[in-house]
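K.L.:
Once you've had a glance at the structure underneath, I'll fire off some questions.
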Amino acid sequence: MSSRSSARLGRSIALHLFLTPLALIWLFPLWMMVVFSTMPDNGIFSPGIELLPHGNFVDNFNNLQRDTNFVGAIGISVSVAVTYTVLSVLLTSMAGWALARYQFFGKGVVVAIILGTITLPYAVVLIPQFIMVARDFKLANTWVALIVPPLFNSLGVLFMRQSFSMMPDDLFDAARVEGVKEWRIFLFVALPLARPMLAALAIILFLASWNNYLWPLLINSQPGSMTAPVALGTLIGLTKVSWGGIMAGAVMLTVPMLVVFVLLQRHFIAGIAAGAVK
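Counted from 1, the sequence shown has number 113 at position 57 by the working numbering; the numbering is strictly sequential.
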């Protein structure tokens, strides 16, 4: 083995020795969530430390389903998250394409405003947004209120703008010379080239919608149309908290997202790397 290969192997071993404990520290709370989901409520706060699962997961889930109709809430969350992701990816891609490829009056101002919105805390716009949607538009307790207000994503617009800016101008000019319409250039030339970035953006937006709690809590007060995070929150009462049910629901919300990320991490990393380098 050459000295260069030995040095590379040594660096790899050292890196793994450094990162493995960090990965275990990050995974430990997730493992304890799984353990707590299999324990009764009185066992979660027992003096001893339990590191192995028990056998109460089915009971905890049955209690969760009885109290919240959690399966239905998951169905609502999936529908809202998928619809939101598809629409938001399309809108942010269109906005990013316009900002990257077209010249128009006030373009710099538009980009500056979009950058400025990133610095605003969500709490600043939450109450005005609620008043506008619930009182003025009378859209409370509707799917439109759950999906439409968060559609504009400033970070997604800037991310797609950077992605489209990296693409060669000659490719699009050649398509225009051939007489291809602008919307066809966007749909059939630009978007396929931006597939890794679109995949990364879709994962980020889906997770944001899946984990969104505050806005669905405010805009939707009907028990039968709650999203899964809001349904879990209803288990916290003034005199009783169903910790076993909460942990079982948290496992059901977390594990699918971890599986999706593990399966799509190659596209996610490729998209982030492609969008960050020009």
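For glycine and all other residues, C-beta sits at the position ideal for the given N, C-alpha and C.
In the structure shown, what three-state DSSP assignment does Ile-292 receive?
P.N.:
Looking up residue 292 in the sequence shown gives position 236. It is a strand residue.
K.L.:
Round the Cβ separation of Phe-220 and Ala-156 to the nearest angstrom and send it over; I've been treating them as touching at under 8 Å.
P.N.:
Against the sequence shown, residue 220 aligns to sequence position 164. Against the sequence shown, residue 156 aligns to sequence position 100. About 4 Å; that satisfies the 8 Å criterion.
K.L.:
Can the beta-carbon of Phe-117 be found less than 8 Å from the beta-carbon of Thr-94?
P.N.:
As a first step, residue 117 must be located in the sequence shown, where it is residue number 61. As a first step, residue 94 must be located in the sequence shown, where it is residue number 38. Taking 8 Å as the Cβ cut-off, Phe-117 and Thr-94 do not qualify as a contacting pair.
K.L.:
Give a yes or no on whether the C-beta atoms belonging to Asn-197 and Asn-125 are separated by under 8 Å.
P.N.:
Here residue 197 is taken as the residue at index 141 of the sequence shown, counted from 1. Here residue 125 is taken as the residue at index 69 of the sequence shown, counted from 1. Cβ atoms of Asn-197 and Asn-125: not closer than 8 Å.
K.L.:
Quick one: what does DSSP say Val-236 is sitting in, helix, strand or coil?
P.N.:
Numbered from its first residue, the sequence shown carries residue 236 at position 180. DSSP places Val-236 in coil when its eight states are reduced to three.
K.L.:
Within the continuous alpha helix (DSSP H) that includes Ala-250, where are the two ends?
P.N.:
Translated into positions along the sequence shown, residue 250 becomes position 194. Where Ala-250 is concerned, there is no enclosing alpha helix (DSSP H), given that its DSSP letter is neither H nor E.
K.L.:
Restricting to Cα atoms, I'd like to know which of Val-204, Met-216, Val-286, Asp-226 is closest to Val-138.
P.N.:
For the purposes of this step, residue 138 is taken as the residue at position 82 of the sequence shown. Among Val-204, Met-216, Val-286, Asp-226, the Cα nearest to that of Val-138 belongs to Val-204.
K.L.:
Have a look at Ala-129, Met-89, Ile-100 and flag the residue whose alpha-carbon is nearest the alpha-carbon of Thr-283.
P.N.:
Looking up residue 283 in the sequence shown gives position 227. Out of Ala-129, Met-89, Ile-100, Ala-129 has the C-alpha closest to the C-alpha of Thr-283.
K.L.:
If you draw a straight line from the alpha carbon of Ala-231 to that of Gly-152, how long is it in whole angstroms?
P.N.:
As a working note, residue 231 is residue 175 in the sequence shown. As a working note, residue 152 is residue 96 in the sequence shown. Those two C-alpha atoms are separated by around 19 Å.
K.L.:
Starting from Phe-113, follow the alpha helix (DSSP H) in both directions and report where the run begins and ends.
P.N.:
Stepping through the sequence shown from its first residue, residue 113 is reached at position 57. That run of the alpha helix (DSSP H) goes 113-124.
K.L.:
With DSSP as the reference, label Val-297 as helix, strand or coil.
P.N.:
Against the sequence shown, residue 297 aligns to sequence position 241. Val-297: strand per DSSP, three-state reduction.
K.L.:
Grouping DSSP H, G and I as helix and E and B as strand, with all else coil, what is Leu-205?
P.N.:
Against the sequence shown, residue 205 aligns to sequence position 149. Note on identity: in this sequence residue 205 is Pro, with Leu being the wrong assignment. The answer is coil: DSSP assigns Pro-205 none of H, G, I, E or B.
K.L.:
Tell me where the alpha helix (DSSP H) around Met-216 begins and ends.
P.N.:
Position 160 of the sequence shown holds residue 216. That run of the alpha helix (DSSP H) goes 210-221.
K.L.:
Return the CA-CA distance between Gly-27 and Met-303, expressed in angstroms with no decimal places.
P.N.:
Only positions 57 to 334 of the chain appear in the structure, and residue 27 is not among them; the question remains open.
K.L.:
Less than 7 Å between C-beta atoms, sequence neighbours within five positions excluded: which residues of the same chain meet that for Leu-249?
P.N.:
If you number the sequence shown from 1, residue 249 lands on position 193. Result list for Leu-249: Met-223, in chain order.
K.L.:
Could you check what DSSP says for Lys-334 in three-state terms: helix, strand or coil?
P.N.:
Here residue 334 refers to the residue found at position 278 when the sequence shown is read from its first residue. Any reading at Lys-334 must be qualified, since the residue scores a pLDDT of 47, below 50, and its modelled position is unreliable; no value is offered.
K.L.:
Label Val-333 either buried or exposed according to how many other C-beta atoms from any shown protein chain fall within 10 Å of its C-beta, with 16 as the threshold for buried.
P.N.:
As a working note, residue 333 is residue 277 in the sequence shown. Here the model assigns Val-333 a pLDDT of 49, short of 50, so the residue's position is not dependable, and the following value carries that caveat. It counts as exposed.
K.L.:
What's the call for Asn-268, buried or exposed, on a 16-neighbour Cβ count within 10 Å?
P.N.:
Numbered from 1 along the sequence shown, position 212 holds the residue referred to as residue 268. It counts as buried.
K.L.:
When you compare the CB positions of Leu-309 and Gly-301, do they come within less than 8 Å of one another, or not?
P.N.:
Mapped onto the sequence shown, residue 309 falls at position 253. Mapped onto the sequence shown, residue 301 falls at position 245. For Leu-309 and Gly-301, no; Cβs fall outside 8 Å.
K.L.:
With H, G and I counted as helix, E and B as strand and the rest as coil, what does DSSP make of Leu-108?
P.N.:
In the sequence shown, residue 108 corresponds to position 52, counting from 1. Three-state DSSP puts Leu-108 in coil, outside helix and strand.
K.L.:
Asn-119 and Ser-298: beta carbons closer than 8 Å?
P.N.:
Here residue 119 refers to the residue found at position 63 of the sequence shown. Here residue 298 refers to the residue found at position 242 of the sequence shown. Going by C-beta atoms, Asn-119 is nearer than 8 Å to Ser-298.
K.L.:
Contact defined as beta carbons within less than 8 Å: I believe Leu-257 pairs with Leu-247. What is the distance between those atoms, to the nearest angstrom?
P.N.:
Looking up residue 257 in the sequence shown gives position 201. Looking up residue 247 in the sequence shown gives position 191. Their Cβ separation, rounded to whole angstroms, is 12 Å, which puts Leu-257 and Leu-247 out of contact at 8 Å.
K.L.:
Does the Cβ of Ala-214 have 16 or more other Cβ atoms within 10 Å, making it buried, or fewer, making it exposed?
P.N.:
Taking the first residue of the sequence shown as position 1, residue 214 is located at position 158. One detail in the question is off: residue 214 reads as Leu in this sequence, not Ala. Buried: at least 16 other Cβ atoms inside 10 Å.
K.L.:
Between the Cα of Glu-106 and the Cα atoms of Asp-115, Val-90, Ser-144, which residue gives the shortest distance?
P.N.:
Taking the sequence shown and counting its residues from 1, the one referred to as residue 106 is at position 50. Nearest of Asp-115, Val-90, Ser-144 to Glu-106, Cα basis: Val-90.
K.L.:
For Met-216, count neighbouring Cβ atoms within 10 angstroms of its own Cβ and tell me buried if that reaches 16, exposed if not.
P.N.:
As a first step, residue 216 is located in the sequence shown; it is residue number 160 there, counting from the start. Burial call: buried.
K.L.:
Where Val-142 and Gln-159 are concerned, what is the direct C-alpha to C-alpha distance, given to the nearest angstrom?
P.N.:
For the purposes of this step, residue 142 is taken as the residue at position 86 of the sequence shown. For the purposes of this step, residue 159 is taken as the residue at position 103 of the sequence shown. Using only the alpha carbons, I get a separation of about 27 Å.
K.L.:
Taking buried to mean at least 16 other C-beta atoms within 10 Å of its own C-beta, is Pro-252 buried or exposed?
P.N.:
Mapped onto the sequence shown, residue 252 falls at position 196. Pro-252 should be labelled buried.
K.L.:
Measure the alpha-carbon distance for Phe-74 versus Ile-81 and round it to whole angstroms.
P.N.:
By one-based count along the sequence shown, residue 74 stands at place 18. By one-based count along the sequence shown, residue 81 stands at place 25. Rounded to the nearest angstrom, the two C-alpha atoms are 12 Å apart.
K.L.:
I think Asn-209 touches Leu-146, with their Cβ atoms under 8 Å apart; what is that distance to the nearest whole Å?
P.N.:
Here the question's residue 209 lines up with position 153 in the sequence shown. Here the question's residue 146 lines up with position 90 in the sequence shown. Between Leu-146 and Asn-209 the Cβ distance is about 12 Å, and since that is not below 8 Å, they are no contact.
K.L.:
Which residue marks the beginning of the alpha helix (DSSP H) containing Ile-187, and which one marks its end?
P.N.:
Against the sequence shown, residue 187 aligns to sequence position 131. Unbroken run through Ile-187: none, as it is neither H nor E.
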